[in-house]
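Working notes, structure below.
Residue numbers (our numbering): 3 to 458.
Here is the structure:
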């Protein structure tokens, strides 16, 4: 019997924390409530519900799964949590996990992947079917490791590493770890043509893959006057490298979803914090593109974990039937998961808090105007205004209202670099602070979310 299933539960806890939760509409047609009530009997002398004796092991497994799903049982290890997620994916196609950095998201993805590894052993045999043996008469045994999870996490980036041609500083290439299953069979799959449609959404550089040396060369077209020059073997920025690896992963995931023979081993896709350095506007784009890919008809199940609130919200709204959890670690070092319910995080409040903090620090970049405009538009829609300008405070002469509206319009449509954001000019910083502070004074949010000086 599993030692995670409680032998007895106090009456109050049983009613409030088990039965009431099992009345939720998500569990009504699954038989959960009946299974629990049929196997826990109330004892009047102890005021507890006690587990029946001699219950079959499969029933115990079922009870443990139910109590974990409603949060009554916590998890001692990430391996135990990973095993639970694998059980849950028999019922669900997607699991979304929100967790703050340091909780163990990356280690969780690794544990999930490791549970799918199997080592197969077999004897070498001759063409006639006889075992091949050593001179001592021992069978010669071979081993093969199989897997079932295609994953993206911090370790995925380690499959790519730079050869900077330190001697000549000319042939700078990104090397691929050809021994990884991630790259299995790529030579015949025309990966350049599969990666480019993803990469073109985010970047302006090109690449080529050399399968003889297992390396990637990057290039960029530079326009000067009326001529275009192609610069070869460039060293892309760290951000551009990350987006290339992400698009490489998306192309591989597409092959797995399409059941290409090289990736027919993939049963699960596990994605941990994709492109975590992106600003909010591009987080929306990455999430939307990923959702469209995953929603294609496929029997592959997916787990996505992130610390990015906005990314989580977009995935939440795109993957309506996903199981959505907030993962944390309690004071007893147990891992807890809590269903986020039917309402995603109010990311605009979190963004507003972030804007206030960067405005106060002075670390304002041009893309912050995009975020401000996004919040103004959502507020205008909520209050029934036709344009976000209605949420910009106007001075008695109406001059500031007009100028500030034009500024937000202009500065939220610039062609700003995704990976090298530019700091605002000092004048624009002052305009930004005035628009933001006037907005927050007019449309009051919970003052507990903001510093003390905002509460007056």
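Where is the CB? At the ideal position from N, CA and C, for every residue including glycine.
Rounded to the nearest angstrom, the gap between the Cα atoms of residue 106 and residue 183 is 24 Å. Rounded to whole angstroms, the gap between the alpha carbons of residue 323 and residue 93 is 11 Å. Separation of residue 333 and residue 78 (C-alpha to C-alpha, rounded to the nearest whole angstrom) is 12 Å. The count of Cβ pairs closer than 8 Å, one atom from the segment 160–167 and one from the segment 221–231, stays below three, leaving the stretches out of contact. Looking at the backbone, the Cα of residue 102 and that of residue 225 are separated by about 43 Å.
Taken atom to atom, the span from the alpha-carbon of residue 307 to that of residue 327 is near 9 Å. Along the length of the segment 26–95, whole alpha helix (DSSP H) runs at least 4 residues long occupy 34–41, 59–71 and 80–90, reported in chain order. In the DSSP assignment, residue 8 forms no beta bridge with any residue. One thing to note: residue 49 has its Cβ within 9 Å of the Cβ of residue 12.
Under the DSSP assignment, residue 240 falls outside any beta strand (DSSP E), being part of the alpha helix (DSSP H) whose first and last residues are 240–259.
Taking C-beta atoms under 8 Å as the contact rule, residue 259 and residue 298 qualify, at a distance of about 6 Å. Going by beta carbons, residue 91 and residue 113 fall outside the 9 Å limit. By the neighbour-count criterion, in which 16 or more other beta carbons inside 10 Å mark a residue as buried, residue 319 falls on the exposed side. Under the three-state reduction of DSSP output, residue 432 falls in the helix class. Distance from the CA atom of residue 172 to the CA atom of residue 233, rounded to whole angstroms, is 11 Å. According to the DSSP assignment, residue 201 belongs to the alpha helix (DSSP H) that extends over 193–201.
Beta bridge pairing from DSSP links residue 215 with no other residue. Counting every other CB atom within 10 Å of its CB across the protein chains shown gives residue 84 a total of 16 or more, marking it as buried. Short of 7 Å from the beta carbon of residue 111, and not among the five residues preceding or following it, lie these beta carbons of its own chain, in chain order: 153, 155, 272, 274 and 307. Sequence-distant partners of residue 361 (beyond 5 residues in either direction) whose C-beta falls short of 6 Å from its own C-beta, in its chain, are 435 and 438. Rounded to the nearest whole angstrom, the C-alpha separation of residue 63 and residue 55 is 15 Å. For residue 381, the secondary structure class from DSSP, reduced to helix, strand or coil, is helix. A check of alpha carbon separations from residue 65 across 392, 46 and 39 identifies 39 as the nearest. Ranked by Cα distance from residue 441, the options 97, 392, 33 and 202 are led by 392.
Ranking 100, 289, 223 and 22 by CA distance to the CA of residue 341 puts 100 first. Cβ-Cβ distances below 8 Å link residue 236 to 174, 207, 220, 221 and 222 in the same chain, with the five nearest sequence neighbours on each side left out; the list follows chain order.
Linking residue 444 to residue 382 through their CA atoms gives a straight-line distance of about 12 Å.
Cβ-Cβ distances below 7 Å link residue 256 to 196 and 295 in the same chain, with the five nearest sequence neighbours on each side left out; the list follows chain order. In the structure shown, residue 446 falls within a coil segment according to DSSP collapsed to helix, strand and coil. Non-local C-beta neighbours of residue 86 in its own chain, meaning closer than 6 Å and more than five positions away in sequence, comprise 70, ordered along the chain.
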